[in-house]
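Take a look at the structure set out below.
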Amino acid sequence: MASCFICLVGVNSFKSLIRHIKLFHSFENIIEYKCIEPSCGRSYNSFDSFSRHLLTHTLVNQESSSNLHIEPTQIDDILNQQSNEQLEISSCSNISIKAFKNLVTEDGIMLISKWYNEAVVPRNKVQILINDLNGFNDKCMQILKKEVLDNLKKNNSDENSISKISVMFDVINDPFQNLKTDHKRLKVLEELGVYVKPIEIAIGSRNKNITKNDDIVINLVNVNICFIPLRCIFKVFFEQPNVLKTVLEYFKRLNSMTGGIVCSFVQSEVWKVKCQSSPDKIIIPFFLYFDEYETNNPLGAHAGKKKLGAVYVSFGSCLPPEFQSSLNYIFLALLFIANDRKEFGNKNIFKELINEINYLQKDGIIVNVESQNYTIYFSLALIIGDNLGLHSMLGFSEGFNANYPCRFCLCSKIECNYLVSQDDSKMRNTENYSQGITIDNLSLTGINELCVWNQIDGFHAVHNHSVDLMHDILEGVCSYDLCGILYEFIINLKYFSLDTLNNRLHYFNYGPLEVQNKPQSITMDTIRNKKKLKMSAIEVLCFSRHLGVLIGDLVPINSEFWQLYILLRQIIQIVTLKSIQPEHNLLLKTLITEHHELYLKLFRTNLKPKYHHLLHYPLIMSKVGPVSHLWSMRYESKHRESKLTAHSITSRKNICYTLSIKHQLRLAHRLLSKSNTLSLSLESSNVGKVIDMSINEIEKIQNNLLNQTTNLNSVSFVSWVQVKGTRYTTKQRMIIIIDVEDMPIFVIIKYIFFKLQCDIPFLIGQRISTIGFNEHLQAYKIKNCDDLLCISFDDLLVEQSPCVCSTMSDGCTYVSCNF
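And the structure:
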């Protein structure tokens, strides 16, 4: 418990005390800051110095071994010192040499770990930084040491104190003792239990030219892949504070939901069937993701030579919604050269990973949480990825112009070109799959090889209900549709010009949440070619979501091309939902059929393969829940970390091992800094003065929104606050959904404040009345009202949908959103 030296209010921690002083006191005008902790009483003239001093109360006077080598038995002590806020060092005289050495070593490890965590800093540059830092310290530290010791001797200080301070100077002068080489640093991190070393596994061999004694010699070398033991990753992750507890509580909350609402794979039909056989076990599902990415310049002479295949593991929708999009919870499992998979086959590449998954499913792992052991089993839920990645992993045809291009059904290429609804009689199952393996003819079955993942208990390729809306819809159906619709509107029907569209794109108010996804201007070449929009997936999503309020007023109500857009918009709205109900599946099926029929009628062309994949979305949703949890968006972002590292190094001799080590070092840093504990810190701006608040508003807020024990003098207003990963601001016209009844309830955020002695922020917002839904604009018609609401941020929906407000040519205001 910490206390404020001004108002003597008690708070839970020293970090909360710093926030309290910032929010409720004019900290910049305080002349003297006092620490009123027992046996301290220090004072400071600077708030920054005072803040740093408060954080020193998180350290401990703890004795440990005199050498700087870290024994395994010290691991827990060092890690606990990092986060324990109840430990204290009051003065230098109270700390022993041993504890001081440990403190310096710990800080050195944390600093090195931070450098390793930077994607663009190669490991050899870390060595340069350490050498330079030691060289920089040497002269200055020797001068300072001599000056201090001479003054102590002149003042007849105690010999023991002088000797102790001299040793402390020597320790600080060499803070990276036993950490001076890369090998030693990795060894220390491995002993701490935070670095899981990648394992190189030979999958074959090939001839390679090697220079030996100035001669070129052909030598046989091993072809390796890099494998990360999942049992080690899962153990260290679930032994992090709060992780297992949070996951199990989220499972319990999901299982208690009623009304047929499904918002996670854990609630899905597929998972319930898997869990029926072992109801008493703790079983956690995980997703496997596979994709290939380029590490060299994609336009350079060496493009494709070092293209890598990566397999990631994530717990997907098993985590609470506020953590599902974080890259911290996506772990690397396998890394290899993409061409090696084609040469040596899936069986050799994935053999070790398959064995590991079977072990986790059959034997599980024992994790120790709060001195209690838990046996946890892990089950492969789905293999996810884009269409090419899934077909190559599962052994289906990798060419989508094949006779049987679909992994879900046995419809021929000709049938897929014009099919507008799923043919249930031609769905793949274990029987016809076995027959296809027996036939062993790709052109007759669409099966290239027996799926190696069928070796995993409970998994079969035809039951892998996984789709990727990022590539199928956003970069596929949506992009093709919109490009064709805009061609008709601009070139043929001339409803508006391309300049008009681009001007509206440029000057449209996307709001604080969508502004970062603002679409790029569209060129005439893109429109004339009628191929697809040159936008990223998230830009296409933003563009399609708000196209109604962008140009809807320029399009006649009876336009069939606009009706195609409306159907597309409704499809996007359903497939991007984070929670679904049973009726959504039937509605989606109807919308897709109507969309495909209208597309064939208007454009007089066949359906592309991605249009056919869309037919299976209702079935997938009924089996595994919301498909928005399966898309590739976050995994594509995960690639970027390795791409940045690859671009910052020059060697490609063993690129897989290099990038695997770097990935594991980033994970080590997150474990050391406790950022993988499924907890989000509350962030906010500095206290700001409330302006433009009328007397009427003040009275209304005080009388109607705040209780008698709370008044405006005891609250502190801020301009923004970040809660559960979402930033809410008062600086822009930010509109959020606070509830959904017959119509969504919108609120414009006007003020954000903290109450005294409370870390939970509140908002004061102006409620917006919804008049009705305009189907032509795909937006809600609204009118402002004077009702003010006071809402705790704890009561808000975690998944905030972007809401954009626009005034149309008819003088009415509309809000477009997705919920």
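If you're matching positions, the sequence shown starts at 287 in the working numbering and goes up one per residue.
Ideal Cβ placement from N, Cα and C applies to all residues, glycine included.
Every value quoted in this text rests on a predicted model; they were computed, and no experiment measured them.
Is it right to say residue i is buried, meaning 16 or more other beta carbons lie within 10 angstroms of its own, or is it exposed?
i, result
"residue 318", "exposed"
"residue 564", "exposed"
"residue 295", "exposed"
"residue 554", "buried"
"residue 842", "exposed"
"residue 351", "Residue confidence for residue 351 is low, a pLDDT of 34 falling below 50, so the modelled location carries little weight; the figure read from the coordinates is stated next. When all chains shown are included, residue 351 counts as exposed."
"residue 1103", "buried"
"residue 955", "buried"
"residue 324", "exposed"
"residue 449", "exposed"
"residue 467", "exposed"
"residue 1016", "buried"
"residue 1051", "buried"
"residue 868", "exposed"
"residue 695", "buried"
"residue 355", "Its pLDDT being 42, under 50, residue 355 is placed unreliably in this model, and the value from its coordinates should be taken loosely. Residue 355 comes out exposed."
"residue 507", "exposed"
"residue 588", "exposed"
"residue 700", "exposed"
"residue 488", "exposed"
"residue 535", "exposed"
"residue 752", "buried"
Please name the residue or residues paired with residue i in a DSSP beta bridge.
i, result
"residue 296", "289"
"residue 485", "513"
"residue 1030", "1026"
"residue 540", "Answer by DSSP bridge pairing: none, since residue 540 is not bridged."
"residue 1069", "1055"
"residue 432", "Residue 432 pairs with nothing; no bridge assigned."
"residue 249", "Coverage of the chain is limited to positions 287 through 1105, which leaves residue 249 absent and any answer about it impossible."
"residue 234", "An answer regarding residue 234 cannot be provided, because it is not within the stretch 287 to 1105 covered by the chain."
"residue 574", "599, 669"
"residue 969", "1008"
"residue 495", "504"
With the cut-off set at 8 Å, would you say residue i and residue j are in Cβ contact?
i, j, result
"residue 829", "residue 798", "no"
"residue 748", "residue 716", "yes"
"residue 672", "residue 767", "no"
"residue 884", "residue 850", "yes"
"residue 732", "residue 1064", "no"
"residue 950", "residue 482", "yes"
"residue 636", "residue 738", "yes"
"residue 639", "residue 620", "yes"
"residue 970", "residue 1004", "yes"
"residue 1037", "residue 1066", "no"
"residue 928", "residue 408", "no"
"residue 1109", "residue 1031", "Here the chain covers residues 287 to 1105 and nothing more, so residue 1109 does not appear."
"residue 702", "residue 893", "yes"
"residue 582", "residue 591", "yes"
"residue 837", "residue 819", "no"
"residue 1029", "residue 839", "no"
"residue 435", "residue 452", "yes"
"residue 963", "residue 529", "yes"
"residue 776", "residue 783", "yes"
"residue 1046", "residue 1078", "yes"
"residue 676", "residue 742", "no"
"residue 579", "residue 925", "yes"
**Minimum length 3: unbroken beta strand (DSSP E) runs contained in the region 616-691** = Complete beta strand (DSSP E) runs here, min 3: 616-623, 651-655, 658-670.
- Query: Are the region 939-955 and the region 511-520 touching, with three or more C-beta to C-beta distances below 8 Å?
  - Reply: Three or more Cβ pairs drawn from the region 939-955 and the region 511-520 lie within less than 8 Å of each other, which places the two stretches in contact.
- request: Tell me, please, whether the region 563-579 touches the region 602-621 by the rule of three or more beta-carbon pairs shorter than 8 Å.
  value: In short, these stretches touch, since the Cβ pair count reaches three.
What are the uninterrupted segments assigned as alpha helix (DSSP H) that are 4 or more residues long and contained completely in the region 898-934, given in chain order? Segments of the alpha helix (DSSP H) lying fully in the region 898-934: 903-910, 919-934.
*For the 8 Å Cβ check, are there 3 or more pairs between the region 634-653 and the region 547-565?*
Because the criterion of three Cβ pairs below 8 Å is not met, the region 634-653 and the region 547-565 do not touch.
- Query: Given 8 Å as the limit, is there contact between the region 911-923 and the region 846-864, that is, 3 or more CB pairs closer than that?
  - Reply: Inter-segment contact for the region 911-923 and the region 846-864 is present: three or more beta-carbon pairs are separated by less than 8 Å.
Between the region 651-659 and the region 515-525, do three or more beta carbon pairs fall short of 8 Å?
-> In the pairwise beta carbon analysis, the region 651-659 is classified as touching the region 515-525: at least three pairs are separated by under 8 Å.
Does the region 608-619 come into contact with the region 703-715, if we say contact requires no fewer than three beta-carbon pairs (one atom in each stretch) closer than 8 Å?
No, the region 608-619 does not touch the region 703-715.
Item checked: Entirely enclosed alpha helix (DSSP H) segments - the region 747-795, minimum 4 residues -> Listed in chain order, they are 764-773, 784-793.
In chain order, which beta strand (DSSP E) runs of at least 3 residues are fully inside the region 809-850?
Listed in chain order, there is nothing to give.
**Request:** Mind listing, in chain order, the continuous alpha helix (DSSP H) runs of no fewer than 4 residues lying wholly within the region 845-887?
**Result:** Qualifying alpha helix (DSSP H) stretches, in chain order: 846-861.
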